[in-house]
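**Student:** Heads up: the protein sequence lines correspond to chains A and B, in order.
This note's numbering numbers the first residue of the first sequence as 350 and each following residue consecutively.
This note's numbering numbers the first residue of the second sequence as 350 and each following residue consecutively.
Sending over a structure as structure tokens; questions will come in a sec.
There are 2 protein chains.
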Amino acid sequence: MAINRTGPNMNAIAAALGVSAATVSNALSGKGRVSPELVEKVRAKAAELGYVPSLAARALRTGRTGVLGLVLPDIANPLFPQIAQAIENAASNAGYGVLIADSRGDIAMQTEAIARLLERGVDGMVIVPRRGTRIADVGCPVAVIDTPSTPGNTVAADHWGGGVQMGRHLAALGHRKVLLIGTNTSSNVQNDRIGGLKAGLGAGIECETLWIEKVEAAAGEGCPLGLAEKAADGFTAFAAVSDLSALRALTELQRAGIGVPEMVSVTGFDDLIWSPVVTPALTTIRMDMATIADLAVAALNRVISQDGEAEPAASGNVASETDRVPMQLIVRQSTGAPNSHALQPSNKPTAGELKS
Amino acid sequence: MAINRTGPNMNAIAAALGVSAATVSNALSGKGRVSPELVEKVRAKAAELGYVPSLAARALRTGRTGVLGLVLPDIANPLFPQIAQAIENAASNAGYGVLIADSRGDIAMQTEAIARLLERGVDGMVIVPRRGTRIADVGCPVAVIDTPSTPGNTVAADHWGGGVQMGRHLAALGHRKVLLIGTNTSSNVQNDRIGGLKAGLGAGIECETLWIEKVEAAAGEGCPLGLAEKAADGFTAFAAVSDLSALRALTELQRAGIGVPEMVSVTGFDDLIWSPVVTPALTTIRMDMATIADLAVAALNRVISQDGEAEPAASGNVASETDRVPMQLIVRQSTGAPNSHALQPSNKPTAGELKS
DNA sequence: ACGCCTTGCTTAAACGTTTAAGCAAGATAC
DNA sequence: GTATCTTGCTTAAACGTTTAAGCAAGGCGT
């Protein structure tokens with residue numbers, strides 16, 4: 350069952366109209382030579398019978414499944430919903446289905462996941478590589494979503510540029526000593542964001558980078574990051590490269606009685622789901638995932654369609670046009686001018702101030 | 350291209366061994382009558398040639414695609430990664446691929462998404478329905494993941510039971526006035542959780558329910574919830590039915606200078622990604638998504654396999670065995686005994702206390 | 001020794017589509 | 001008026017698998 354069990358096929362339409370199945374096929378696809386009147390009749394009959402083409406048969410004949418694979422390093426990534434939603438939407442608009450594959454953070458499984466998709470006959474795939482890995486030649490068109498600084502990739506947000514925007518924002522507010530917070534040193538994306546932040550802050554500003562994985566390696570997962578001490582050391586802004594880290598910073602600082610934003614500022618990246626609703630709402634940088642997904646799918650589509658003809662680099666990565674999609678700064682309540690009284694926790698806002 | 354462009358097919362193996370393609374098929378599937386020695390030779394040859402069966406041809410012949418659809422109300426839901434990962438894993442273990450479809454929170458698109466999956470010939474689907482909707486007969490086996498109180502569904506976490514556990518936890522800590530925080534009144538899941546919370550708290554405890562959608566309807570999205578006033582009114586525990594709301598509550602309270610957990614307690618549901626790393630780490634209730642996904646996929650698998658034979662309720666929902674998977678209470682730092690000094694914000698922890 | 005069952009394979013058809021090749025009829029060109 | 005082109009369709013093969021049906025050979029019971 351499942352497929353189009355009882356559904357009418359092309360022969361049914363052909364029989365009902367007294368023509369051949371080939372003509373029906375041509376009429377519906379607009380490919381061969383069919384008289385306009387007959388095309389219309391075929392269309393009408395197809396609609397009347399509720400005809401639905403068998404994708405399986407088409408796939409068998411044409412070698413195209415109309416399905417794209419989506420490979421993710423770790424579905425548990427909080428950014429994943431945004432990516433999946435955008436890709437699904439873009440693919441759906443382009444007439445593709447999306448098959449997901451999760452590599453659960455494991456590098457070996459990433460290869461295995463790709464193999465599974467390949468066996469299922471995907472026409473192409475979108476890969477968000479596990480940090481630090483490179484995607485080798487896969488055997489089908491591939492679009493990689495990573496960061497522009499990784500060579501040979503296709504489409505990515507301009508993480509560096511986003512960092513620059515945030516750096517400038519903080520500098521403009523008057524911050525002069527900023528703590529940059531990253532999680533993994535091996536992430537190209539994070540390194541780009543940090544590089545951009547430093548560039549945006551400019552030369553006159555003191556910076557230090559705190560890597561969460563290093564702190565946790567010593568003190569255990571979920572340990573405090575010691576940000577209150579950093580604040581006492583004179584840091585007035587905490588710029589995380591992910592909203593998850595920013596949230597961690599925000600709650601740790603608040604818990605220590607340090608007011609955000611009147612004492613110190615906190616910023617993130619990605620505009621994750623909670624960012625607008627925490628108190629204070631997070632100032633962050635948003636990726637234009639819809640555009641990124643559109644570009645990735647369009648690039649794949651181009652290679653897939655063209656593939657039958659020229660076969661220039663049949664199974665290599667999608668072209669080399671490294672698209673760089675701008676990011677957008679979203680200023681909310683977690684940033685403000687640094688306060689000279691920031692050193693000693695005091696002057697908490699009262700409950701009444703909340704509404705403002 | 351894409352599919353198994355150059356890959357060897359059954360005829361290649363058959364030709365190499367001097368037998369017929371049918372025999373190869375039987376040998377590999379173990380179905381017909383083939384001598385053990387020949388089976389072995391076929392296996393060896395297949396491996397040698399790197400044979401990969403064409404799923405498209407198989408789908409065409411058998412009417413089974415080996416693909417399950419996953420329909421989600423809104424991929425942006427922060428719980429989605431957990432669900433998708435669990436389903437993908439369970440399906441993958443059962444030999445299925447997973448095609449995703451997002452209904453973007455729109456009820457009309459939910460129907461359309463289901464239709465798209467159906468056209469692609471999925472063998473069955475897992476649906477997480479948009480709150481308030483019921484899934485009508487779809488035309489293929491369906492497993493619904495919702496809550497046991499929705500009739501006719503298949504598999505769900507025991508949201509009520511989870512609420513009971515949390516209610517008991519708070520009652521045991523000594524809380525006597527508890528604010529329950531939900532987002533949407535129309536969510537069956539949330540209503541069950543709230544029902545369970547009330548039951549777990551017991552009769553002697555004062556409860557009030559705050560629905561975020563109502564507050565936001567009046568004051569705008571992302572508005573403060575006025576929790577500091579509630580604390581002043583004597584509420585010592587804030588039990589949200591989602592970690593997202595819990596986080597919102599936690600930050601709002603912290604911002605108002607109300608210490609968690611020494612003044613008031615905050616709890617959530619779902620153990621979302623940030624819950625262990627915020628300060629204080631959230632006490633919450635975790636669903637056993639892996640088990641839920643296994644049950645859903647197993648139920649689908651059963652109906653799909655059996656389908657060719659009996660056709661008892663061919664295209665209805667998967668059996669009526671409403672599985673109820675227990676939830677697990679995770680106690681972290683956001684809950685504690687209520688403090689009589691809770692009414693006036695004071696005695697903030699200093700930065701030094703953080704490490705403890 | 002004859003019929004019958006079992007074993008191990010083959011032949012052939014089928015799934016529903018696409019597409020190259022072919023062909024008759026009418027239109028156009030000279 | 002004949003040769004050529006175009007139009008509008010048909011025929012047939014192909015994609016790679018599964019599976020029902022068939023068939024020859026050998027083993028067994030009587």
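Glycine included, C-beta positions come from ideal geometry on N, C-alpha and C.
1) In whole angstroms, what separates the C-alpha of A:M359 from that of A:Y400?
2) Taking CB distances under 8 angstroms as the criterion, tell me whether A:Q434 reaches chain B.
3) Mind checking which residues open and close the beta strand (DSSP E) that includes B:R673?
4) Do the stretch 466-476 of chain A and the stretch 415-432 of chain A make contact, defined as three or more Cβ pairs closer than 8 angstroms?
5) Label B:N442 either buried or exposed according to how many other C-beta atoms from any shown protein chain fall within 10 Å of its C-beta, with 16 as the threshold for buried.
6) Taking DSSP's pairing of strands, which residues face B:A605 in a bridge?
7) Measuring only the C-alpha atoms, how far is B:A363 from B:K380?
8) List the residues of chain B whose Cβ lies closer than 7 angstroms to the Cβ of A:W509, in chain order.
9) Chain B partners of A:V447, CB-CB under 7 angstroms?
10) Would the stretch 424-435 of chain A and the stretch 627-643 of chain A be scored as touching if the rule is three or more Cβ pairs under 8 angstroms?
11) Work out the CA separation of B:L466 and B:L448 for me, nearest whole Å.
12) What number of angstroms, rounded off, separates the C-alpha of B:T496 from the C-alpha of B:M676?
13) By a C-beta neighbour count over all protein chains shown, 10 Å radius and 16 as the cutoff for buried, is B:G444 buried or exposed?
14) Could you tell me whether the stretch 612-628 of chain B touches the stretch 638-649 of chain B, using the rule of 3 or more Cβ pairs below 8 angstroms?
15) May I have the straight-line CA-CA distance separating B:S369 from B:A361, to the nearest angstrom?
16) Buried or exposed for A:S594, please, with buried defined as at least 16 other CB atoms from any protein chain shown within 10 angstroms of its CB.
17) Assess contact between the stretch 572-587 of chain A and the stretch 522-538 of chain A, defined as three or more Cβ pairs (one per stretch) separated by less than 8 angstroms. Is contact present?
18) Any idea if A:E601 is buried or exposed, counting beta-carbon neighbours within 10 angstroms, 16 or more meaning buried?
19) By how many angstroms is the C-alpha of B:K563 removed from the C-alpha of B:R480?
20) With 8 angstroms as the threshold, decide whether the Cβ of A:F587 is near any Cβ in chain B.
21) Between B:L550 and chain A, is there a C-beta pair that is closer than 8 angstroms?
22) Run down chain B in chain order and give the residues with a C-beta less than 7 angstroms from the C-beta of A:N358.
23) Based on the DSSP output, what are the partners of A:E557 in its beta bridges?
24) From the beta carbon of B:A505, is the nearest beta carbon of chain A less than 8 angstroms away?
25) Report the three-state DSSP secondary structure of A:A686 (helix, strand or coil).
26) To which residues of the same chain is B:N688 closer than 6 angstroms at the C-beta, ignoring the five residues directly before and after it?
27) Output needed for A:L377: all residues of its chain with C-beta closer than 7 angstroms, excluding positions within five of it in sequence on either side, in chain order.
28) Can we say the stretch 503-512 of chain B touches the stretch 551-565 of chain B, given the rule of at least three CB pairs closer than 8 angstroms?
29) Does DSSP put A:D486 in a helix, in a strand, or in coil?
30) Taking the Cβ atom as the reference point for each residue, do A:A630 and A:R681 lie within a distance shorter than 8 angstroms?
31) Along chain B, which residues have their Cβ under 9 angstroms away from the Cβ of A:A396?
32) Taking Cβ to Cβ, would you say A:D619 is nearer than 8 angstroms to A:S591?
33) B:V401 versus chain A: which residues are under 9 angstroms apart at the beta carbon?
34) So does A:K390 have its beta carbon nearer than 7 angstroms to some heavy atom of the ligand MN?
35) Under a Cβ-count criterion, where at least 16 other Cβ atoms within 10 Å of its own Cβ denotes burial, should A:S683 be classed as buried or exposed?
36) Consult DSSP for A:T414 and reduce its assignment to one of helix, strand or coil.
**Tutor:** If we stick to the structure as given:
1) The residue labelled residue 359 of chain A in the question sits at position 10 within the first sequence. The residue labelled residue 400 of chain A in the question sits at position 51 within the first sequence. Across the structure, A:M359 and A:Y400 are spaced so that their CA atoms are roughly 8 angstroms apart.
2) Your numbering for residue 434 of chain A matches position 85 in the first sequence. By this cut-off, A:Q434 is an interface position.
3) In the second sequence, residue 673 of chain B corresponds to position 324, counting from 1. Per DSSP, B:R673 belongs to the beta strand (DSSP E) from 672-674.
4) Short answer: they touch.
5) The residue you call residue 442 of chain B lines up with position 93 of the second sequence. Flag for B:N442 reads exposed.
6) Taking the second sequence and counting its residues from 1, one reaches residue 605 of chain B at position 256. Bridge partners of B:A605: none, in fact.
7) Translated into the one-based positions of the second sequence, residue 363 of chain B becomes position 14. Translated into the one-based positions of the second sequence, residue 380 of chain B becomes position 31. Going by the C-alpha atoms only, they are around 17 angstroms apart.
8) Mapped onto the first sequence, residue 509 of chain A falls at position 160. Counting only Cβ-Cβ distances below 7 angstroms, A:W509 has no contacts in chain B at all, with the closest Cβ about 26 angstroms away.
9) As a working mapping, residue 447 of chain A is identified with position 98 in the first sequence. Those within 7 angstroms of A:V447 in chain B are L448, I449.
10) Yes, they touch.
11) If you number the second sequence from 1, residue 448 of chain B lands on position 99. If you number the second sequence from 1, residue 466 of chain B lands on position 117. Roughly 8 angstroms between the two C-alpha positions.
12) As a working mapping, residue 496 of chain B is identified with position 147 in the second sequence. As a working mapping, residue 676 of chain B is identified with position 327 in the second sequence. Roughly 12 angstroms separates the two Cα atoms.
13) Counting from one through the second sequence, the residue named residue 444 of chain B turns up at place 95. Exposed is the call here.
14) Judged by pairs of C-beta atoms under 8 angstroms, the stretch 612-628 of chain B does not touch the stretch 638-649 of chain B, as fewer than three such pairs exist.
15) Position 20 of the second sequence, counted from the first residue, corresponds to residue 369 of chain B. Position 12 of the second sequence, counted from the first residue, corresponds to residue 361 of chain B. Cα to Cα, the separation comes out at about 10 angstroms.
16) One-based indexing of the first sequence puts residue 594 of chain A at position 245. Of the other Cβ atoms in all chains shown, 16 or more fall within 10 Å of the Cβ of A:S594; this residue is therefore buried.
17) Under the 8 angstroms Cβ criterion, the stretch 572-587 of chain A counts as touching the stretch 522-538 of chain A, having at least three qualifying pairs.
18) Numbered from 1 along the first sequence, position 252 holds the residue referred to as residue 601 of chain A. A:E601 is buried by the Cβ-count criterion.
19) One-based indexing of the second sequence puts residue 480 of chain B at position 131. One-based indexing of the second sequence puts residue 563 of chain B at position 214. Going from the Cα of B:R480 to the Cα of B:K563 covers about 16 angstroms.
20) Walking along the first sequence from the start, residue 587 of chain A turns up at place 238. By this cut-off, A:F587 is not an interface position.
21) Working through the second sequence from its first residue, we reach residue 550 of chain B at position 201. Taking 8 angstroms as the CB threshold, B:L550 stays off the interface with chain A.
22) In the first sequence, residue 358 of chain A corresponds to position 9, counting from 1. Taking a Cβ-Cβ threshold of 7 angstroms, none of the residues of chain B is close to A:N358; the smallest such distance is about 12 angstroms.
23) For the purposes of this step, residue 557 of chain A is taken as residue 208 along the first sequence, with counting starting at 1. As a beta-bridge residue in DSSP terms, A:E557 pairs with A:L528.
24) Within the second sequence, numbered from 1, the residue matching residue 505 of chain B stands at position 156. Residue-level contact by beta carbon fails for B:A505 and chain A, as no gap is shorter than 8 angstroms.
25) Taking the first residue of the first sequence as 1, we reach residue 686 of chain A at position 337. Three-state result, A:A686: coil.
26) If you number the second sequence from 1, residue 688 of chain B lands on position 339. Cβ neighbours of B:N688 beyond the five flanking positions: E611, M612.
27) As a working mapping, residue 377 of chain A is identified with position 28 in the first sequence. By the criterion of a C-beta distance shorter than 7 angstroms, A:L377 is surrounded in its chain by V391, A395, once the five residues flanking it on both sides are discounted.
28) Taking a contact to require three or more Cβ pairs closer than 8 angstroms, the stretch 503-512 of chain B and the stretch 551-565 of chain B do not qualify as touching.
29) Your numbering for residue 486 of chain A matches position 137 in the first sequence. Assigned with DSSP and collapsed to three states, A:D486 falls in coil, not helix or strand.
30) For the purposes of this step, residue 630 of chain A is taken as residue 281 along the first sequence, with counting starting at 1. For the purposes of this step, residue 681 of chain A is taken as residue 332 along the first sequence, with counting starting at 1. Against a cut-off of 8 angstroms, the Cβ pair of A:R681 and A:A630 comes out as a contact.
31) Mapped onto the first sequence, residue 396 of chain A falls at position 47. Simply none; closest approach about 15 angstroms.
32) Along the first sequence, one-based indexing puts residue 619 of chain A at 270. Along the first sequence, one-based indexing puts residue 591 of chain A at 242. In this structure, A:D619 lies near A:S591, with their beta-carbon atoms less than 8 angstroms apart.
33) If you number the second sequence from 1, residue 401 of chain B lands on position 52. The contacting residues are L467, E468.
34) The model on display carries no ligand, and the ligand MN is accordingly not part of it.
35) Here residue 683 of chain A refers to the residue found at position 334 when the first sequence is read from its first residue. Counting the other CB atoms within 10 Å of its CB gives A:S683 a total of 16 or more, which places it among the buried residues.
36) Reading the first sequence from its first residue, position 65 is the one you call residue 414 of chain A. Looking at A:T414 - three-state DSSP - the assignment turns out to be coil, as it is neither helix nor strand.
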